[in-house]
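A short worksheet on the structure shown next.
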Amino acid sequence: MKKTLLAALFLSLTACTDPDSARKALEVNGYTNIQIRGYAGLMCSKDDTYSTKFTAISPAGHSVSGAVCSGLLKAATIRIDV
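Right, dumping it as structure tokens:
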């Protein structure tokens, strides 16, 4: 039972998204037509609290997908799939 509880706690801490902050970070950096897609899986580092998947139009006009990674005491980082 302890292992199950620890696993549930671990998953709840690692599967966090922050759609509002992700959208704001993308908008401030010139992205448009932003679609938030949920949790981004393994795209962010272990030091990131939030990992939010997205698709959008880049400032250069290209269709892109990626993740916005952020933490409680750190700024957001936009990571683009290649």
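In terms of the numbering used here, the sequence shown opens at residue 454 and continues consecutively. For each residue, glycine too, the CB sits at the ideal point set by N, CA and C. Note that the structure is a prediction, hence the values are computed from the model and not measured.
Cβ distance (whole Å) where residue i is taken to contact residue j below 8 Å
{"i": "Ser511", "j": "Ala493", "result": "Actually they do not touch by this definition, with Cβ atoms about 17 Å apart."}
{"i": "Ser523", "j": "Thr508", "result": "Rounded, the Cβ-Cβ distance is 18 Å, inconsistent with contact."}
{"i": "Ala529", "j": "Lys506", "result": "At roughly 14 Å, the Cβ-Cβ gap does not stay under 8 Å, so Ala529 and Lys506 are not in contact."}
{"i": "Ile531", "j": "Leu479", "result": "7 Å"}
{"i": "Gly483", "j": "Thr470", "result": "About 22 Å separates the two Cβ atoms, so there is no contact after all."}
Bridge partners - residue i, DSSP secondary structure assignment
{"i": "Ala509", "result": "Val517"}
{"i": "Arg532", "result": "Ala520"}
{"i": "Ser504", "result": "Cys522"}
{"i": "Lys527", "result": "Gly524"}
{"i": "Gly491", "result": "Lys506"}
{"i": "Val485", "result": "Note that residue 485 is Thr in the sequence shown, not Val. Answer by DSSP bridge pairing, in chain order: Ile510."}
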